[in-house]
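Peer 1: Numbering (this note's numbering), first residue to last: 163 to 414.
What follows is the structure in structure tokens.
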């Protein structure tokens, strides 16, 4: 069984508030990579936050991109009905610097505000100087192309969301990998990517999926809110004798 990269989605967000220092520290304790999101403020400061709008976690009907960093810095974020406590929105520079020091693999998803800011790609590129074990992902193919020109040696991954996008794969041979939801873990979606010599990371994994027992060879990583579950299942599978694993695969 090949080694599979495990990334904690927005940190260990099944156990701590997403994209916060608490979630990142828990992921580090589990010795897994970290997936996080970068947004850009109006004044060109990269922060770690998922949504374009602040309403869900900060209770404000304003876009991150519409605000200056000094206003963002003062906000308290929390999640209703989850006892994760109150937190602040981290600076992307501080998180990336910390990950460099700890040698933590990062999957950085670039959100729409990075593309909106006139210097967004260049600002992110500067943050990546000296970083190892990092790759960039985005739904925005044009943004990824810009990042690849700025950072030719950094892996970029296009996040595929709709089945129709598979017909466009040939246009994006310059991308290194592709990310998509676990529901597309089927040969008809995986084989075209494998034939291009590219790799896949799956998201939406919770740790009890049958597909984890027999991942397609093109899959190099999984992104999950529950990295401890996935690690435990992978460890259990790896400890089984080879003939038992083959039998399990044939039964599916």
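Heads up, the beta-carbon is just placed ideally off N, CA and C, and yes, glycines get one too.
Since this is a predicted model, take the numbers as computed values, not measurements.
1. If we ignore side chains and look at the alpha-carbon of each, how far apart do residue 399 and residue 191 end up?
2. Whose C-alpha, out of 364, 287, 286, is nearest the C-alpha of residue 322?
3. Give the C-beta separation of residue 234 and residue 210 to the nearest angstrom, bearing in mind that I take them to be a contact with Cβ-Cβ under 8 Å.
4. Is residue 305 near residue 280, with beta carbons less than 8 Å apart?
5. Does the distance from the C-beta atom of residue 169 to that of residue 385 stay below 8 Å?
6. Just tell me which of 333, 205, 401, 198 has its CA closest to the CA of residue 213.
7. In or out: residue 201 buried (at least 16 other Cβ within 10 Å) or exposed?
8. Verify the contact flag: residue 352, CB atom, against every heavy atom of the ligand MG, threshold strictly below 7 Å.
9. Reducing DSSP to helix, strand and coil, say where residue 202 ends up.
10. Using 8 Å for Cβ pairs, my map puts residue 318 next to residue 337. What's the rounded Cβ distance?
11. With respect to the alpha helix (DSSP H) encompassing residue 190, which residues constitute its N-terminal and C-terminal limits?
12. Taking only three categories from DSSP, how would you classify residue 415?
13. Please check the pair residue 303 and residue 346, which I expect to be a contact at CB under 8 Å, by giving their CB distance rounded to whole angstroms.
14. Which residues mark the beginning and the end of the beta strand (DSSP E) in which residue 251 is found?
15. Suppose you measure from the CA of residue 167 to the CA of residue 194; what does that come to, to the nearest Å?
16. Just reading off the alpha helix (DSSP H) that residue 232 is part of, what are its end residues?
17. Using a 10 Å radius around the Cβ and a threshold of 16 neighbouring Cβ atoms, would you call residue 299 buried or exposed?
18. Report yes if the C-beta distance between residue 387 and residue 247 is below 8 Å; otherwise report no.
19. Would you say residue 238 and residue 224 are within 8 Å of each other, going by their C-beta atoms?
20. DSSP on residue 180, reduced to helix/strand/coil?
Peer 2: By the coordinates alone:
1. 22 Å
2. Residue 322 has its Cα closest to that of 364, out of 364, 287, 286.
3. Residue 234 to residue 210, Cβ: 11 Å. No contact.
4. no
5. yes
6. 198
7. buried
8. With respect to small molecules bound, the structure shown includes none, and the ligand MG cannot be examined in it.
9. strand
10. 6 Å
11. 183 to 191
12. The question about residue 415 has no answer, for the chain in this structure spans 163 to 414.
13. So it is not a contact: roughly 17 Å between Cβ atoms.
14. Residue 251 -> no beta strand (DSSP E), and no H or E assigned at all.
15. 8 Å
16. For residue 232, the enclosing alpha helix (DSSP H) has its first and last residue at 231 to 235.
17. buried
18. no
19. no
20. Correct three-state label for residue 180: coil.
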